[in-house]
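Numbering-wise (the working numbering), the sequence shown opens with residue 403 and increments by one. Working notes, beginning with the structure itself.
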Amino acid sequence: MKKKFKFKLSVWQILALAYLAGTVIGSIFLILPAATREGQQTSYINALFTAVSAVCITGLSPYDVATHWSLFGQIVILFLVQASGLGFMTLVSAAFLIFKHGMGFDSRNAFMLDSRGKFTGFKTLLKRIVIGTAVCEVIGALLLMIRFIPQFGVGNGIYFSVWHSVSAFCNAGFDLMGTVENGGFVSLTGYATDPLVSLTLIALIILGGMGFAVWSDVIDCKCNFKKFQFNTKVVLIVNAILIVSGTALFLLFERNTYSDYNFGEKLLASLFNAVTPRTAGFATTDMTAFSQSGYLLTLLLMFIGGGSGSTAGGIRVGTFAVIIMGMFAAFRGKRDIDIGKKRIDYSLLSQALAIFAACLMMVVLSTLIICTIEPETMMFKAILFECVSALSNAGLSMNLTSELSVGSEIVIIILMYAGRVGILTLALALGKKRNAAEIRKPIDTLLIG
Numbered sequence: 403m404k405k406k407f408k409f410k411l412s413v414w415q416i417l418a419l420a421y422l423a424g425t426v427i428g429s430i431f432l433i434l435p436a437a438t439r440e441g442q443q444t445s446y447i448n449a450l451f452t453a454v455s456a457v458c459i460t461g462l463s464p465y466d467v468a469t470h471w472s473l474f475g476q477i478v479i480l481f482l483v484q485a486s487g488l489g490f491m492t493l494v495s496a497a498f499l500i501f502k503h504g505m506g507f508d509s510r511n512a513f514m515l516d517s518r519g520k521f522t523g524f525k526t527l528l529k530r531i532v533i534g535t536a537v538c539e540v541i542g543a544l545l546l547m548i549r550f551i552p553q554f555g556v557g558n559g560i561y562f563s564v565w566h567s568v569s570a571f572c573n574a575g576f577d578l579m580g581t582v583e584n585g586g587f588v589s590l591t592g593y594a595t596d597p598l599v600s601l602t603l604i605a606l607i608i609l610g611g612m613g614f615a616v617w618s619d620v621i622d623c624k625c626n627f628k629k630f631q632f633n634t635k636v637v638l639i640v641n642a643i644l645i646v647s648g649t650a651l652f653l654l655f656e657r658n659t660y661s662d663y664n665f666g667e668k669l670l671a672s673l674f675n676a677v678t679p680r681t682a683g684f685a686t687t688d689m690t691a692f693s694q695s696g697y698l699l700t701l702l703l704m705f706i707g708g709g710s711g712s713t714a715g716g717i718r719v720g721t722f723a724v725i726i727m728g729m730f731a732a733f734r735g736k737r738d739i740d741i742g743k744k745r746i747d748y749s750l751l752s753q754a755l756a757i758f759a760a761c762l763m764m765v766v767l768s769t770l771i772i773c774t775i776e777p778e779t780m781m782f783k784a785i786l787f788e789c790v791s792a793l794s795n796a797g798l799s800m801n802l803t804s805e806l807s808v809g810s811e812i813v814i815i816i817l818m819y820a821g822r823v824g825i826l827t828l829a830l831a832l833g834k835k836r837n838a839a840e841i842r843k844p845i846d847t848l849l850i851g
């Protein structure tokens with residue numbers, strides 16, 4: 403009797419394929435004539451690029467969203483952003499719960515890996531994700547309406563408010579401000595000194611970038627910091643350090659850029675520039691106007707990103723914290739990696755360093771490829787910025803995206819996909835499960851440093 407061939411996808415492969423399927427479906431909708439404004443034409447590679455950017459909640463776009471895409475096309479983009487922001491596994495899980503179907507271990511595992519929660523209180527966490535997302539986006543939209551309705555009228559004001567609230571919370575960075583009248587691709591530079599718009603978007607970006615498990619823990623502990631889980635404490639502390647230090651450094655570095663602002667306006671613009679690279683994609687300051695120091699600081703913040711299981715990208719805050727504390731432990735000759743009153747295993751440091759090295763290599767290699775493809779007149783700074791932004795799903799650009807050739811667009815597409823799915827997830831999805839070797843090779847040493 404012949405054995406039946408069984409092909410079973412792993413959790414990692416399901417996650418990777420879910421995002422891939424979303425981009426393909428999205429590109430099919432965006433290539434439809436109804437998705438493009440009259441007089442505009444869309445190539446499939448640019449439709450695919452936009453779909454990947456939306457599903458990977460990045461925000462890079464070869465077209466101005468406001469002037470190129472029709473209302474139907476804009477709604478498709480917004481739906482892809484929202485779906486990916488909640489997480490494909492969250493949507494699948496919600497469907498199971500709504501129709502009262504049973505959920506197997508693998509399905510639960512896929513969802514929990516995507517949101518970085520625990521197996522306990524699964525339904526509670528799922529409800530919190532959906533309800534919490536809706537509450538944050540509705541409140542954000544209502545606050546933005548105070549400014550946008552008087553400026554754009556009732557219909558457009560409500561639409562613009564909902565769009566930018568969803569885009570900010572999901573850390574996508576797509577905006578509708580690039581109209582023909584103001585020149586296109588201006589993002590939110592017109593609101594650099596507007597506290598209502600800037601602070602609302604900052605709050606949405608931070609909340610979306612913390613991670614669903616962090617929300618749940620804060621709610622369970624009733625905001626009592628001492629009772630927070632270790633991961634929650636690390637994410638909150640590192641986020642606070644990066645935001646405060648980033649704001650102070652932008653104030654110091656961009657004195658000339660903010661020369662026309664008073665101190666309060668400089669502080670607001672600096673705070674926005676410290677938050678948006680991790681990884682929202684909105685800009686209230688022209689990236690090309692930054693000083694060399696501000697440029698490097700933005701690259702660093704984009705590369706770090708936000709919390710694991712959140713709408714943010716980058717190497718993630720937890721990875722950054724483990725690498726920094728592991729470095730201090732190694733320099734002090736300590737066998738343990740201590741963070742506060744806790745100790746983490748060295749295997750976690752190995753994974754963190756592997757993620758860091760893989761991301762760094764991808765950025766360097768991608769920058770090299772695009773420099774080879776594109777003419778020498780294209781600035782190296784802009785290319786490097788674009789690659790880091792794509793892999794980190796930041797969505798910030800030095801006005802380069804629309805100038806890229808097809809080959810370079812494919813490179814950026816791969817970076818966005820890898821950044822959203824996650825380097826570790828991709829490695830596990832593509833790799834094979836192997837049994838531990840019975841015979842281990844002899845150990846030796848190398849000179850380092």
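For glycine and all other residues, C-beta sits at the position ideal for the given N, C-alpha and C. From a predicted model like this one, the values you see are computed outputs, not experimental measurements.
Taking I717 as the reference, which of G821, F431, A485 has the closest Cα?
Position 315 of the sequence shown, counted from the start, is the residue given in the question as residue 717. Nearest C-alpha to I717: G821.
With DSSP collapsed to three states, give me the class of L515.
Indexing the sequence shown from 1 puts residue 515 at position 113. The predicted model places L515 with a pLDDT of 49, which falls under 50 and marks its position as unreliable, so this point remains unresolved.
Please state whether the Cβ-Cβ distance between T686 and A594 is less than 8 Å.
Position 284 of the sequence shown holds residue 686. Position 192 of the sequence shown holds residue 594. Contact: yes.
Which whole-angstrom value is the C-beta distance of F474 and A437, which I expect to be below 8 Å?
Within the sequence shown, residue 474 is the residue found at index 72, counting from 1. Within the sequence shown, residue 437 is the residue found at index 35, counting from 1. F474 to A437, Cβ: 5 Å. Contact.
Provide the residue span of the beta strand (DSSP E) that contains I739, from first to last.
Translated into positions along the sequence shown, residue 739 becomes position 337. Unbroken beta strand (DSSP E) run through I739: 739 to 741.
For R680, which of helix, strand or coil comes out of DSSP?
Counted from its first residue, the sequence shown places residue 680 at position 278. The answer is coil: DSSP assigns R680 none of H, G, I, E or B.
Quick check on T522: does DSSP put it in helix, strand or coil?
Along the sequence shown, one-based indexing puts residue 522 at 120. A caution first: T522 carries a pLDDT of 47, below 50, which makes its placement in the model too unreliable to give a value.
Beta-carbon proximity check, T678 vs G610, cutoff 8 Å
Within the sequence shown, numbered from 1, the residue matching residue 678 stands at position 276. Within the sequence shown, numbered from 1, the residue matching residue 610 stands at position 208. Against a cut-off of 8 Å, the Cβ pair of G610 and T678 comes out as no contact.
Under 8 Å Cβ to Cβ from N658, same chain only, skipping five residues before and after it: list those, please.
Mapped onto the sequence shown, residue 658 falls at position 256. Within the same chain, N658 has close Cβ partners S693.
Where the alpha helix (DSSP H) containing I639 begins and where it ends
Start at 1 with the first residue of the sequence shown, and residue 639 comes out as number 237. DSSP places I639 in the uninterrupted alpha helix (DSSP H) bounded by 632 to 655.
In three-state DSSP terms, what is T595?
Taking the sequence shown and counting its residues from 1, the one referred to as residue 595 is at position 193. Coil, per DSSP.
Can you give me the C-alpha to C-alpha distance between L608 and G809, rounded to a whole angstrom?
Against the sequence shown, residue 608 aligns to sequence position 206. Against the sequence shown, residue 809 aligns to sequence position 407. Residue identity differs from the one stated: residue 608 is Ile in this sequence, not Leu. Those two C-alpha atoms are separated by around 34 Å.
Please go through the same chain and pick out, in chain order, the residues whose beta-carbon is closer than 7 Å to the beta-carbon of F431, but skip the five residues on each side of it.
Taking the first residue of the sequence shown as position 1, residue 431 is located at position 29. Around F431: A437, V478.
Is it true that the CB of L651 sits closer than 8 Å to the CB of L578?
Translated into positions along the sequence shown, residue 578 becomes position 176. Translated into positions along the sequence shown, residue 651 becomes position 249. In this structure, L651 does not lie closer than 8 Å to L578 by Cβ.
I'd like to know whether the C-beta atoms of L644 and L703 end up nearer to each other than 8 Å.
The residue you call residue 644 lines up with position 242 of the sequence shown. The residue you call residue 703 lines up with position 301 of the sequence shown. Result yes, Cβ atoms of L644 and L703 sit closer than 8 Å.
Alpha carbon to alpha carbon, how far is F632 from S804? Give it in angstroms, no decimals.
The residue given as residue 804 occupies position 402 in the sequence shown. The residue given as residue 632 occupies position 230 in the sequence shown. Roughly 43 Å between the two C-alpha positions.
Rounded C-alpha distance that separates G613 from S463:
By 1-based counting over the sequence shown, the position of residue 613 is 211. By 1-based counting over the sequence shown, the position of residue 463 is 61. Going from the Cα of G613 to the Cα of S463 covers about 25 Å.
Go to K783, then tell me how far its beta strand (DSSP E) extends in each direction, as first and last residue.
Looking up residue 783 in the sequence shown gives position 381. In this chain, K783 is not harboured by any beta strand (DSSP E); it is covered by the alpha helix (DSSP H) spanning 782 to 793.
Given 8 Å, three or more beta-carbon pairs between the stretch 753 to 760 and the stretch 720 to 727
yes
So, are the CB atoms of I560 and I548 less than 8 Å apart?
Numbered from 1 along the sequence shown, position 158 holds the residue referred to as residue 560. Numbered from 1 along the sequence shown, position 146 holds the residue referred to as residue 548. Cβ distance not < 8 Å, so I560 and I548 don't count as in contact.
Bridge partners - I746, DSSP secondary structure assignment:
Taking the first residue of the sequence shown as position 1, residue 746 is located at position 344. Answer is I739, bridged to I746.
Taking the alpha-carbon positions, what's the L654 to F665 distance?
The sequence position of residue 654 within the sequence shown is 252, counting from 1. The sequence position of residue 665 within the sequence shown is 263, counting from 1. Going by the C-alpha atoms only, they are around 12 Å apart.
Would you report the Cα separation of F554 and L544, rounded to the nearest angstrom?
As a working note, residue 554 is residue 152 in the sequence shown. As a working note, residue 544 is residue 142 in the sequence shown. Going by the C-alpha atoms only, they are around 15 Å apart.
By the 10 Å Cβ neighbour count, where 16 or more other Cβ atoms means buried, how is G592 classified, buried or exposed?
Position 190 of the sequence shown, counting from 1, holds the residue named residue 592. Answer is exposed; the Cβ neighbour count stays below 16.
Secondary structure of T690, DSSP reduced to three states:
The sequence position of residue 690 within the sequence shown is 288, counting from 1. Note: T690 maps to helix in three-state DSSP.
With a 10 Å radius around its C-beta and 16 neighbouring C-beta atoms as the bar for buried, classify S569 as buried or exposed.
Walking along the sequence shown from the start, residue 569 turns up at place 167. So S569 counts as buried.
Cβ distance (whole Å) where G696 is taken to contact V637 below 8 Å
Translated into the one-based positions of the sequence shown, residue 696 becomes position 294. Translated into the one-based positions of the sequence shown, residue 637 becomes position 235. Actually they are not in contact, since the Cβ atoms of G696 and V637 sit about 25 Å apart, beyond 8 Å.
If you draw a straight line from the C-alpha of V454 to the C-alpha of T425, how long is it?
The residue given as residue 454 occupies position 52 in the sequence shown. The residue given as residue 425 occupies position 23 in the sequence shown. So the two alpha carbons sit approximately 5 Å from each other.
Same chain, Cβ closer than 7 Å to L598, five either side skipped, listed in chain order
The residue you call residue 598 lines up with position 196 of the sequence shown. Taken in chain order, the residues that qualify are L545, I548, R549.
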